[in-house]
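Quick note on the UniProt record's numbering: the sequence shown kicks off at 1 and runs consecutively.
See structure below.
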Amino acid sequence: MSAVPIGKKEGYVPKWKKKSTLADEAAKMSSQEKGLSGAVPITFQQGKGDDAKLVETSAMPGQPLKLVASQAGQFINYGCGKGECGTCESLCNGKYLRPCVDTVPSDLPLDPATGQYEPMVIQVKATKAKVVSSGKFFSFKSFILGFWNNLLGMFGFVRDRRKARKNWQERVENEDAVKRLAAEKKMKRLASMGASA
1 MSAVPIGKKE GYVPKWKKKS TLADEAAKMS SQEKGLSGAV PITFQQGKGD DAKLVETSAM
61 PGQPLKLVAS QAGQFINYGC GKGECGTCES LCNGKYLRPC VDTVPSDLPL DPATGQYEPM
121 VIQVKATKAK VVSSGKFFSF KSFILGFWNN LLGMFGFVRD RRKARKNWQE RVENEDAVKR
181 LAAEKKMKRL ASMGASA
């Protein structure tokens with residue numbers, strides 16, 4: 001019998017890799033083809049240098065930058081949403097702005113040569129996925145600290161044993177006194193019922 005390879009064949013490409021997604025198709029389209037209206041060209045830049053991710057769109061003067069970013073598919077990390085915390089602060093043409101509350105300026109000058117608005121480049125802070133690992137289940141440090149914790153607990157038990165025994169004896173004496181008083185009251189009640197009958 002010859003061995004039949006199980007798994008991937010050479011040159012095989014899965015069907016799902018051949019097909020393009022809606023995001024892939026939308027990335028190739030211009031902002032006018034996407035249906036975004038506006039006269040002000042805006043470029044969102046995330047990252048620096050050659051690794052920078054650029055997202056181009058267009059907006060109308062006075063339109064909130066938060067809406068422009070969401071239309072373009074640009075993620076911006078917002079904190080308070082009121083412009084107070086500075087989490088979303090971005091650099092735009094040399095000035096800092098807060099996209100959660102700021103709008104596209106309505107007093108932008110037109111380029112005399114083309115008659116169009118000059119493009120706005122908004123440098124957005126890069127977002128990083130924070131992956132927190134819980135680490136190894138046991139480490140040498142956790143073993144030592146656990147031993148130390150148990151040692152302190154045992155020392156506390158030995159130290160407080162006399163106080164605990166004294167407390168226990170007081171509780172037993174109080175319970176015995178309550179039983180004795182209850183028995184005395186019962187005897188008096190029975191004696192008074194017997195005398196009256």
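Backbone N, C-alpha and C fix where the C-beta goes; we use that ideal spot for every residue, glycine too.
Extent of the continuous alpha helix (DSSP H) run through residue i
| i | result |
| --- | --- |
| F147 | 140 to 159 |
| S90 | Counting along the chain, S90 falls outside any alpha helix (DSSP H), though it belongs to the beta strand (DSSP E) covering 90 to 92. |
| Q71 | 65 to 72 |
Closest residue to residue i among the options (Cα-Cα distance)
| i | options | result |
| --- | --- | --- |
| S106 | C80, K82, P61 | P61 |
| A69 | G81, C80, E56, G79 | E56 |
| G49 | Q123, N149, G81 | Q123 |
| D51 | G81, A126, S58 | A126 |
| D102 | L67, V172, K188, A39 | L67 |
| P109 | E173, G83, D176, V40 | V40 |
| L65 | K53, A113, E84, F44 | F44 |
Local conformation of residue i per DSSP, three classes
| i | result |
| --- | --- |
| Q45 | strand |
| E173 | helix |
| K15 | helix |
| S196 | helix |
| E184 | helix |
| V178 | helix |
| A59 | strand |
| K163 | helix |
| L108 | coil |
Host beta strand (DSSP E) of residue i (start-end)
| i | result |
| --- | --- |
| I122 | 120 to 124 |
| K95 | 95 to 97 |
Discussion item. Using a Cβ distance threshold of 8 Å, determine whether the stretch 117 to 125 contacts the stretch 85 to 99, with at least three qualifying pairs required.
Written reply: yes
Fill in: Three-pair Cβ contact test at 8 Å for the stretch 67 to 82 versus the stretch 147 to 158
These segments do not touch.
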